[in-house]
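Protein chains: 2
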Amino acid sequence: MKLVSPGEAAANTNDIPAEAGEEFVRIGEMAKKYGVTLRTLRFYEDKGLLNPHRDGSTRLYTRRDKARLKLILLGRKVGFSLRDVKQMMDLYDPTGTNTKQLRLALDKSEKQLARLQKQRALIDDAIGELSKSMSVVRQMLVERTAAPQASAAG
Amino acid sequence: MKLVSPGEAAANTNDIPAEAGEEFVRIGEMAKKYGVTLRTLRFYEDKGLLNPHRDGSTRLYTRRDKARLKLILLGRKVGFSLRDVKQMMDLYDPTGTNTKQLRLALDKSEKQLARLQKQRALIDDAIGELSKSMSVVRQMLVERTAAPQASAAG
DNA sequence: CGCACCTTTTACGTTTACGTCAATCCTATA
DNA sequence: TATAGGATTGACGTAAACGTAAAAGGTGCG
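Protein chains in written order, with full-length UniProt numbering: chain A, 1 to 154; chain B, 1 to 154.
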């Protein structure tokens, strides 16, 4: 698959890796493919999380960008801030073992896991409190609607 | 009107009024008593959630305000926005049965409960994903630190 | 040619619940 | 009187992750 877009010729003047089938997609496709908005992709780029190539001023995303985006989305899903994600990604070095990166990721992950568990506890607590309040309210409503006339109450 | 002077308040923090008269506390005491900041109390007032009396320009909180604050804090704890809390409180009528208020509260509570459960599900999901990623990272680290020399992988 | 469609950059707006000054005022106490 | 401790009303700042114009340019199609 080559350029998937109207005006396929645009980038062909560029001798992009003729060897492998580097796949370039523009921002619209990229967005659709990953369920994000154009704004989001540009925002991530602005924050240094993505670095698509350019054909003039048009952004061209490769599979490298896709991989990065997937990581970003995973990070977001597990509750990392974009800042954290960037910090971890910035440590990536294609020529090394990335031990530092992995350690940082693990460290951050442990902390995030703790946060998530704490949040879950808070939510459980909230659910408990809310349920309790709801029973009270329900009871009050019963007393007001099911006993319009005076009566002896225990 | 009995006022608690700053000096007295400072010296007799636990001094309980001998009489069952109206007890007025100033913002500092109120804040301490409920673990909130002065800013918070003023903010709640600005948002129409509290309505302390005034001695000149000094705010004086009564037990009514305390009751309201307790409700606000409970609402906050279970995840309601201050706007929701206000909406519910605004329906309170000391002369009626408050059926409408109770119904609204119940309605909002049901929705909030649903939101909380959804959140919990998301968090559980996130915890799962994160744990999974962590094992992968750990494994990668093991491969990098425990096998500096060439070896069969897998 | 003109339109639809995609893309660009710039930049202010949104949401929620306060935090953080800043300048001023009042009061009790040593 | 000086100082310390509260209190008051503004009013801008913060965080996170985009949303939402606005104004403009390129492209192929009928």
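Where a beta carbon is used, it is the ideal one built from N, C-alpha and C, also for glycine. Keep in mind the model is a prediction, meaning the values are calculated, not measured.
Residue j beta carbon less than 8 angstroms from that of residue i
i	j	result
GLN101/B	LEU91/B	yes
LEU130/B	SER109/A	yes
THR58/B	ARG26/B	yes
GLY48/B	LEU38/B	no
ARG144/B	THR40/A	no
ILE123/B	ILE123/A	yes
GLY79/A	ALA126/B	yes
VAL137/B	LEU106/A	yes
ILE120/A	ARG76/B	Ile is not the amino acid found at residue 120/A; the sequence shown has Arg there. No, the Cβ-Cβ distance between ARG120/A and ARG76/B is not below 8 angstroms.
MET89/B	LEU104/B	no
8 angstroms Cβ cutoff, residue i in contact with chain A
i	result
LEU74/B	yes
ALA105/B	yes
ALA126/B	yes
SER57/B	no
VAL36/B	no
SER81/B	no
THR62/B	no
LEU113/B	yes
LEU91/B	no
THR97/B	yes
LEU130/B	yes
ARG144/B	yes
LYS66/B	no
VAL78/B	yes
MET134/B	yes
Minimum Cβ-Cβ distance from residue i to chain B less than 8 angstroms
i	result
VAL137/A	yes
LYS100/A	no
GLN87/A	no
LYS118/A	no
ILE123/A	yes
MET140/A	yes
LYS108/A	no
LYS2/A	With a pLDDT of 36 at LYS2/A, under the threshold of 50, the predicted position of this residue should be treated as unreliable, and no value is reported.
Any non-hydrogen atom of the ligand PLP within 7 angstroms of residue i CB
i	result
THR97/B	Inclusion of the ligand PLP in the displayed structure is not the case, the ligand content being empty and no account of it being possible.
Going residue by residue through the UniProt domain "HTH merR-type" (26-91) of chain A, where are the continuous alpha helix (DSSP H) segments of at least 4 residues, counting only ones entirely within it? 27-34, 38-46, 63-77 and 82-90
Do the segment 66-73 of chain A and the segment 105-120 of chain B touch if we need at least three Cβ pairs shorter than 8 angstroms? no
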